[in-house]
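To start, the structure under review is shown below, and the notes come after it.
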Amino acid sequence: MPKLLLVDDEALVRRSMQKTLLRKGFVVETAGNCTEGLETFKAAYNTDAPIDMALLDLNMPNFDGVPAHAAGLDLLTKLREIDPNLNAIVLTAYDEVDTAKNAVQRGARSYFVKGREQGLVDLINEILE
Amino acid sequence: MTSTERQATLLSATLRVANNIASILDPQELLQRTVDIICDEFDFYYAGVFLLDEANEYAVLKAGRGKAGDAMLAEKHKLKVGGNSMIGASISSQHARIALDVGEEAIHFSNPHLPNTRSEMALPLTVGTKVLGAVTVQSEQEAAFSDDDISTLQGMADQLAIAIDNANQHAENQFLLAQAERRARLLDAANQVGRGVASILDLDELLPQTVDIICEAYNFYYAGVFLIDENKEYAVLRAGRGEAGKTMIKQNHRLKLGGNSMIGMAARERIARISLDVEGEDAFFRNPLLPDTRSEMALPLCTGTKCLGAVTVQSIEGNAFSDDDIQTLQTMADHLAIAINNANLLKELERTHAELLRTKTYEALSGATTEAIHWIGNKALPITTTAARMQEDLNEAELDMESLKEDLGMIVESATLIVEVKEALLGPARETAPRPVMLADLWLASAHHAGTSSEKLTVKSTPNTPLAIGDSVQLVRAFGNLLRNAEEAEASQITVETSLSENAGFVTTRISDNGVGIPEEMQDKIWASFFSTKGEGFKGMGLAACLHIISQLDGSIRVESEAEKGTTFIIELPAAETAPQADLSGTQKIALIAPEGEWADFMSASIENLSRDFNPKVDLLLLDEILAEKTLPTLEKLGEKTLILSAAPSVENITKYLQAGVKDVVLKPYTTEELKEVLG
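Here it is as structure tokens:
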């Protein structure tokens, strides 16, 4: 089963998304901020079950613990330094064209506006196929 | 009359003239009295005094005896110096001329007002080498003047000349003195305007003050200040003296630049226009409100190459402006122009500032709105996604009850957060009821409500710290937010200290924690609603509410924080000047159950024989809300004698306590006056 890393600072959003993805048969690791996310990714990286895809919230506390607009992109850059082929989707509450472009330029496979979790499941499957 | 008698008369006349000369400083009076004395004492037909005009060309009659004298004065009778008259000849030769029979005197000027003259004497009025005029003495008799007469009268004329010279000098001194006084007054006026120019930036104050000073100091009829309008078409009156000024301002009086007015010309040409007689002035605006103007001056108001307007100064006298006046007024106008320019610059600055403020306010509002939308969006998101998942799950053959319960719990939690925001936002905005409050006790109450453990929190108060003025319910809310803030920053120690502030009339209370601290770049933002450094879960309302509550109580709050070392919030609140006192004598047996501290000490000091034990025989048990939960189950029948005292009673708690059977729940008293009401 594909292993996903879900990083989002809103606990309820994180849990809801995790449940939906678990229900669809994914293995889901979660983290509440950039630092935790990086650690979780590293911990899995050298095992025989590394992370297949990262789902990263755009707005959350950055590596200094300070809420930042595009902290998710900083985490994305760090993750792709470790695994240049990592598939990643950037999650956001809003539809922002510029940020979406930026996300893709920094290596994200897609940019997903939170709201309809079935849509996210379809997107993950599409990328992983 | 014998020659001896005549000599005595002459002597007495000489003395009388000498006395007059000594006492009369007014030249006109001196001359008239002299001619009268000469005629009365010597019994002459006529006497007159001539003085030289400014050009030394004519001898002008200044005093003459009787009707003939009056008539000649009215005719402005004058005789050419050196001409064919005895007066003219005596002045030009500086010697007395005597005609004992004027008919035979070649240079006698026959005068129709004095037909009976037979002898005439013309005596020059000289002081040193200077000749001032001449005296004429005339008789109806031929050969009327004896040698005694001549020498006596010449002596008199010499004295008169000295007196006239003195009087002239006196008049000149008076004139110089008046001029010096006027200069001093003008200087003072210039200073007054200068002071106003330096200190008043409001033109509506400065300009009327300036026109008043000009009119009062120079005693002018009218002064006004015109400023050029934005289109540079008109000079518009901005200040005018007196009722005429008021009326013109009301009528929006304005003059076209360069048009048919002195102001219009002065403002356009940037040079002063001065008319010493407006009747002959083409460029003169005849103003029906200023009918008496005879002289007018229009001075441009210029700074650098820019002309801002012009000042008009008007007088009811022709030829009213001296060079001094023109110079001092133009200097004053130059200073005024600088002040007007400054005021305009200030206005411009204020306009720019207001614009900037509007932009910033808009940015802040739009920023706050965006934050609020983000927040609500984030909190609402799990509701929709979880509900969608539940709908799907309910179609499954076998229901996963645990999962469904968890999903419902998530929906409830998200919805509750959204609902609570309303209270967090609106709570602090409720009307406050400030009263004297004990800050140390409010911190304990806040810790109780916020669930801060007493092991973590130390509350200290400097002895004799006065009560603060505040609303205890609101302050407990604010302090509770600060305690939660410290807990969320993972503090293991929280210290609160209350003391008299360095700012007179204030009490300071500081809350310090050893938590993670607030990064410097965040310290300005923490006061905004919906802003949280914590990310997850927290509402980001706490500090915004604190700021709101404390500002509403006329206090202030600021933060000092260092990353990883901790945070201190410093709050200043107005001090209560005196705590209202009341007499508390009574016979009730009262017991108090409250934690050790400042408030328990206050209660013990206020109520005589207050029992601090759990005593079942009391008439009234006062129970601090902080200990209510622990104590209530042990009260049994004492419950109905129990008053719960709360710094911040909430609807939920009041309901709970009343259901547990207590007598009442009341606001905690901090003064004997309030305590008396509670015991009442």
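Chains U and H supply the protein sequences, listed in that same order. Start counting the first sequence at 1; every next residue gets the next number (the numbering used here). Start counting the second sequence at 1001; every next residue gets the next number (the numbering used here). Where a beta carbon is used, it is the ideal one built from N, C-alpha and C, also for glycine. Being a predicted model, the structure only gives us computed values, none of them experimental.
Interface flag, residue i vs chain U, CB-CB below 8 Å
i	result
G1535(H)	With a pLDDT of only 48 at G1535(H), under 50, the local geometry of the prediction cannot be trusted, and the value read off the model is given with reservation. So, interface residue.
L987(H)	Outside the displayed range of chain H (1001 to 1680) lies residue 987(H), so it cannot be described from this structure.
M1401(H)	no
A1388(H)	yes
H1374(H)	yes
M1603(H)	no
E1413(H)	yes
T1384(H)	yes
F1538(H)	Low confidence applies to F1538(H): its pLDDT is 49, below 50, so where it sits in the model is not reliable, and the reading given next is rough at best. So no, F1538(H) is outside the interface.
G1515(H)	no
N1378(H)	yes
M1438(H)	no
P1580(H)	no
A1519(H)	In the sequence as displayed, the identity of residue 1519(H) is Pro instead of Ala. P1519(H) counts as touching chain U.
Residue interval of the beta strand (DSSP E) (run including residue i)
i	result
G1088(H)	Taken as a continuous stretch (DSSP letters only), G1088(H) belongs to no beta strand (DSSP E), being part of the alpha helix (DSSP H) at M1086 to S1093.
S1492(H)	Element bounds for S1492(H): n/a, residue is neither H nor E.
L29(U)	As written in the sequence, residue 29(U) is Glu, which differs from the Leu given in the question. Residues V27 to A31.
G1555(H)	Per DSSP, G1555(H) belongs to no beta strand (DSSP E) and is neither H nor E.
S1472(H)	Per DSSP, S1472(H) belongs to no beta strand (DSSP E); it is in the alpha helix (DSSP H), S1472 to E1488.
L1290(H)	Looking at the DSSP string, L1290(H) is not in any beta strand (DSSP E), and its letter there is neither H nor E.
K1256(H)	R1254 to K1256
V1278(H)	Premise fails: V1278(H) is in no beta strand (DSSP E) and is neither H nor E.
L1457(H)	L1457 to S1461
Strand pairing of residue i, partner residues [DSSP]
i	result
C1681(H)	It is not possible to answer for residue 1681(H), since the shown part of chain H is limited to 1001 through 1680.
T1384(H)	Answer by DSSP bridge pairing: none, since T1384(H) is not bridged.
D1664(H)	L1643(H)
E1562(H)	G1566(H)
T1312(H)	G1224(H) and A1298(H)
R1435(H)	G1470(H)
V1049(H)	A1063(H) and V1135(H)
K1078(H)	V1060(H)
K19(U)	Beta-bridge pairing links K19(U) to no other residue.
R1097(H)	A1122(H)
L4(U)	V28(U) and M53(U)
Any C-beta of chain H under 8 Å from that of residue i
i	result
A31(U)	no
V13(U)	yes
T20(U)	yes
M1(U)	no
E36(U)	no
G25(U)	no
A100(U)	no
K114(U)	yes
A93(U)	yes
E10(U)	yes
E117(U)	yes
S16(U)	yes
Limits of the unbroken alpha helix (DSSP H) element including residue i
i	result
V963(H)	Because chain H spans 1001 through 1680 in this model, residue 963(H) falls outside it and cannot be assessed.
T1631(H)	A1628 to L1635
E1029(H)	P1027 to F1042
R1270(H)	That residue, R1270(H), is in no alpha helix (DSSP H); it is neither H nor E in DSSP.
L1679(H)	T1672 to L1679
*Counting pairs of Cβ atoms below 8 Å between the segment 1520 to 1527 of chain H and the segment 1583 to 1595 of chain H, do you hit three or more?*
Counting Cβ pairs under 8 Å, fewer than three are found: no touch.
*For the segment 1569 to 1624 of chain H, list the alpha helix (DSSP H) runs that are entirely contained and at least 4 residues long, ordered along the chain.*
The segment 1569 to 1624 of chain H contains these whole alpha helix (DSSP H) runs: 1598 to 1606.
_Within 9 Å of chain B by C-beta, residues of the segment 47 to 76 of chain U in sequence order_ = Note that chain B does not occur in the displayed structure, where the protein chains are U and H.
*Curious, which full-length alpha helix (DSSP H) runs of at least 4 residues does the segment 1120 to 1195 of chain H contain?*
Taking only runs of at least 4 residues, no alpha helix (DSSP H) segment lies wholly in the segment 1120 to 1195 of chain H.
_With three or more beta-carbon pairs closer than 8 Å as the criterion, would you say the segment 1209 to 1227 of chain H touches the segment 1355 to 1365 of chain H?_
Because the criterion of three Cβ pairs below 8 Å is not met, the segment 1209 to 1227 of chain H and the segment 1355 to 1365 of chain H do not touch.
_Secondary structure, beta strand (DSSP E): runs of 3+ residues fully inside the segment 1495 to 1533 of chain H_ = Entirely contained in the segment 1495 to 1533 of chain H, the beta strand (DSSP E) runs reaching 3 residues are, in chain order, 1506 to 1513.
_Within 8 Å, do at least three Cβ pairs link the segment 100 to 116 of chain U to the segment 1556 to 1571 of chain H?_
Result no; under three Cβ-Cβ pairs closer than 8 Å.
*Write down every uninterrupted run of the beta strand (DSSP E) in the segment 46 to 129 of chain U whose length is 3 residues or greater and which is fully enclosed by it, in chain order.*
At a cut-off of 3 residues, the continuous stretches assigned as beta strand (DSSP E) that sit fully inside the segment 46 to 129 of chain U are 53 to 57, 87 to 92 and 110 to 113.
*Enumerated in chain order, which unbroken segments of the beta strand (DSSP E) with a length of 3 residues or greater are wholly contained in the segment 1200 to 1248 of chain H?*
The qualifying runs are 1222 to 1228 and 1234 to 1240.
*Determine, using beta-carbon pairs with one atom in the segment 1385 to 1403 of chain H and one in the segment 1003 to 1013 of chain H, whether at least three such pairs fall under 8 Å.*
Contact between the segment 1385 to 1403 of chain H and the segment 1003 to 1013 of chain H is absent, with fewer than three C-beta pairs closer than 8 Å.
_Within 8 Å, do at least three Cβ pairs link the segment 1188 to 1207 of chain H to the segment 1161 to 1170 of chain H?_
Contact between the segment 1161 to 1170 of chain H and the segment 1188 to 1207 of chain H is absent, because fewer than three Cβ pairs lie under 8 Å.
_Can you confirm whether the segment 1454 to 1465 of chain H touches the segment 1634 to 1642 of chain H when touching is taken to mean that 3 or more C-beta pairs between the two stretches lie within less than 8 Å?_
Taking a contact to require three or more Cβ pairs closer than 8 Å, the segment 1634 to 1642 of chain H and the segment 1454 to 1465 of chain H do not qualify as touching.
*Is the segment 1171 to 1190 of chain H close to the segment 1323 to 1335 of chain H, with three or more CB pairs under 8 Å?*
Taking 8 Å as the limit for Cβ pairs, the verdict is that the segment 1323 to 1335 of chain H does touch the segment 1171 to 1190 of chain H.
*What are the uninterrupted segments assigned as alpha helix (DSSP H) that are 4 or more residues long and contained completely in the segment 1321 to 1409 of chain H, given in chain order?*
As far as the segment 1321 to 1409 of chain H is concerned, its whole alpha helix (DSSP H) runs of at least 4 residues are 1323 to 1394.
*asked:* Can you confirm whether the segment 6 to 15 of chain U touches the segment 29 to 40 of chain U when touching is taken to mean that 3 or more C-beta pairs between the two stretches lie within less than 8 Å?
replied: Touching, yes.
*Contact between the segment 1034 to 1050 of chain H and the segment 1108 to 1124 of chain H (3+ Cβ pairs under 8 Å)*: With the cut-off at 8 Å, the segment 1034 to 1050 of chain H and the segment 1108 to 1124 of chain H touch.
*asked:* Does the contact criterion of 3 or more C-beta pairs under 8 Å hold for the segment 1482 to 1495 of chain H versus the segment 1503 to 1518 of chain H?
replied: Taking 8 Å as the limit for Cβ pairs, the verdict is that the segment 1503 to 1518 of chain H does touch the segment 1482 to 1495 of chain H.
*Is it a yes or a no for the segment 1566 to 1573 of chain H touching the segment 1443 to 1463 of chain H, going by three-plus beta-carbon pairs under 8 Å?*
The answer is no - the segment 1443 to 1463 of chain H does not touch the segment 1566 to 1573 of chain H, with fewer than three Cβ pairs under 8 Å.
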